[in-house]
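These notes are about the structure you will find just below.
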Amino acid sequence: MKVEVEYSQEVIANIKTGADLLVEALAEHEVDTVFGYPGGAVLPIYDALYRHESSFKHILCRHEQGLIHAAEGYARVSGKPGVVIATSGPGATNLITGITDAMMDSLPIVAFTGQVSSKVIGTDAFQEADIIGLTTPITKHNYQVTDVRDLKRIVKEAFHIASTGRPGPVVVDIPKNISEAIAEEETDDAIRLPGYQPTTKPNPLQINRLLEALQQAERPVVLTGAGIQFAKASEELRQFVKKYDLPVVSTLLGLGTFNADDKNFLGMAGMHGTYAANMAIHDADLLINIGARFDDRLTGKIPDFAPHARVAHIDIDPAEIGKNVETQIPVVADAKEALELLNAGQCDMKVIDLWRHKTQADKEQNPLWYERSEDLISPQWLIEQVYEATDGEAIVTTDVGQHQMWSAQFYKFNQPNHFVTSGGLGTMGFGLPAAIGAQLAFPEKTVVAVVGDGGFQMTMQELATLKQYNLPVKVVIVNNEALGMVRQWQEKFYDERYSESLMQTNPDFVKLGESFGVKSFRFTREEEVSDEMRAALASDEPVLIDARVVKLDLVYPMVPAGKGNHEMIGVRKCSE
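At position 496 of the sequence shown the residue is numbered 496 (full-length UniProt numbering), and the sequence of numbers has no breaks.
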């Protein structure tokens, strides 16, 4: 016999579903922005969003790849976790690239994916995908909720894991029946992570060893990485460098951690780094790496990387220390904590005036260079105009390729968290949605997405998101009608066999932008840029600029594959 249970209106009003608990948990974690796309498995969650007066904004991007890259841009500049909601099956799998990107670049992301109901998991149900199996290698941690009573605890743990230690992405997979389930009793949300205890404070003995090494060094160099950004340690870094008057080089993702206009700064190191930065590492007898992971684009040929140096490596992730480059002085710690101890210590350095003179001479005599064009726009000059027009204050996002390297080289980043790019994974299509996230994190800032014509076409649908939310992002397309970096490699190393790297049927980007309701311009000559750039970038609405640049220009300097960083090509002395 079926028993009918009657509830009073008061009881009904207090009944909460799993979806309600999720919305409550997001508010409790002071989330202010969620990037999402609805679908069948997350309909209960979207119904809860509709019913609740949420304290956060929901941003509807036009593709799940847009969601995750926007969340990455938000996380990169704000330091807070980027939050994503996507439905099951293709919705979840469309996040895979961005989750991997966030894992490689240590970005705090919490991604909530819908899942089919628990009773049909494993039956190849409609829009079912094993998101736990798919994301295990590319997340810091992942969960599938099996009991609604665990939901708030799991959400709390997910935010904690994503944002502590070495940041990274966490996936929470929520079956539809869990979202719909009634939470009939108070849930325990106490974090239970006994095996997760990141080391943040450095061992004082290792700090003393580093200071002793600095005291003995004749050719010391500081290498800055993204770990300084995440630790909010730029001021402590500045104090350390100034205290001992040390030369500084940066990784791609470390740009902005140290003022690019400072005399001690030698530039970015690595495959497309400056001559001064790469030679400083090559000739150093002490390399102090703070928050970088020694990836292959930085090191080049490992046996030729810092061959004369003792290596000190400060990193919050012990797995990175000694992984690629042999390390004599390991310091497992948060970069800020380590720098504070270094600054509190003291060492009597040797006189290193000759070393300082050499590094400065390398910087002055072998600067970045390019040749101006009489016809189309020089792409390096274009980036300098963006720098001038924004007074060097913009947050710049990029896709991946030549324009990315030109941005790193010719836009001088003087503040942390103002350069947002895909480093480890090298993801095309990253720039535009990342700019959306950055603009939402800092509405008052000028945000410029510098993109290539190839990468832009991978996520250009997000122009609709710009328009819908009236986000004043400025999109600058460095249009050379090619997959520029692929074409460069084909020119230099494949005897100019341009196999499928020329974009012969690009759309009319101005008409495209206008079709989305975005104010759009085309620049074909440098005088047009000079006249219009500042006004376009100062607009209070979204703007698209199609800049026609020299088609066959190359990114120099360049370290060929398999070579050491001292074997750069394309270096030019001032006298040449």
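Ideal Cβ positions, reconstructed from N, Cα and C, are used throughout, including at glycine.
The alpha-carbon separation between residue 431 and residue 127 amounts to approximately 29 Å. In this structure the region 537 to 554 lies against the region 469 to 476, because at least three pairs of beta carbons, one per stretch, are closer than 8 Å.
For residue 98, the enclosing alpha helix (DSSP H) starts and ends at 96 to 104.
Straight-line spacing of the CA atoms in residue 243 and residue 264 works out to 12 Å.
For the region 76 to 156, the full-length alpha helix (DSSP H) segments reaching 4 residues or more read 90 to 93, 96 to 104 and 131 to 135 along the chain. DSSP, read as helix, strand or coil, puts residue 260 in coil.
Contact between the region 431 to 451 and the region 69 to 83 is established, with three or more Cβ pairs separated by less than 8 Å. By the Cβ rule, the region 448 to 466 does not count as touching the region 40 to 58, because fewer than three pairs are nearer than 8 Å. Where residue 418 is concerned, there is no enclosing beta strand (DSSP E), because DSSP gives it neither an H nor an E.
Residue 357 sits away from residue 379, with the two beta carbons spaced by 8 Å or more.
The beta carbon of residue 143 lies closer than 6 Å to those of 154 and 172 in the same chain, with the five residues before and after it left out. Judged by DSSP secondary structure, residue 571 falls outside any alpha helix (DSSP H); it is assigned neither H nor E. Below 8 Å, too few C-beta pairs join the region 221 to 229 and the region 369 to 387 to call them touching: fewer than three. With respect to the 8 Å criterion, residue 268 and residue 277 are classified as neighbours on the basis of their beta carbons.
If you look at residue 203, you'll find it isn't in any alpha helix (DSSP H); DSSP assigns it neither H nor E.
Residue 407 sits buried, since 16 or more C-beta atoms from the chains shown fall within 10 Å of its C-beta.
Straight-line spacing of the CA atoms in residue 337 and residue 42 works out to 41 Å. Spanning the alpha carbons of residue 423 and residue 135 requires a straight line of approximately 20 Å.
Relative to residue 519, the option among 484, 476, 498 and 351 whose CA is nearest is 476.
As the crow flies, the alpha-carbon of residue 573 is around 57 Å from that of residue 27.
Here the region 282 to 301 does not lie against the region 411 to 419, with fewer than 3 beta-carbon pairs under 8 Å apart. The Cβ atoms of residue 67 and residue 86 sit closer than 8 Å to each other.
Judged by DSSP secondary structure, residue 544 falls within the beta strand (DSSP E) whose first and last residues are 543 to 548. Here the region 112 to 125 lies against the region 78 to 96, with 3 or more beta-carbon pairs under 8 Å apart.
Around the Cβ of residue 385, a 10 Å sphere holds 16 or more other Cβ atoms; the residue is buried. DSSP links residue 174 through a beta bridge to 114.
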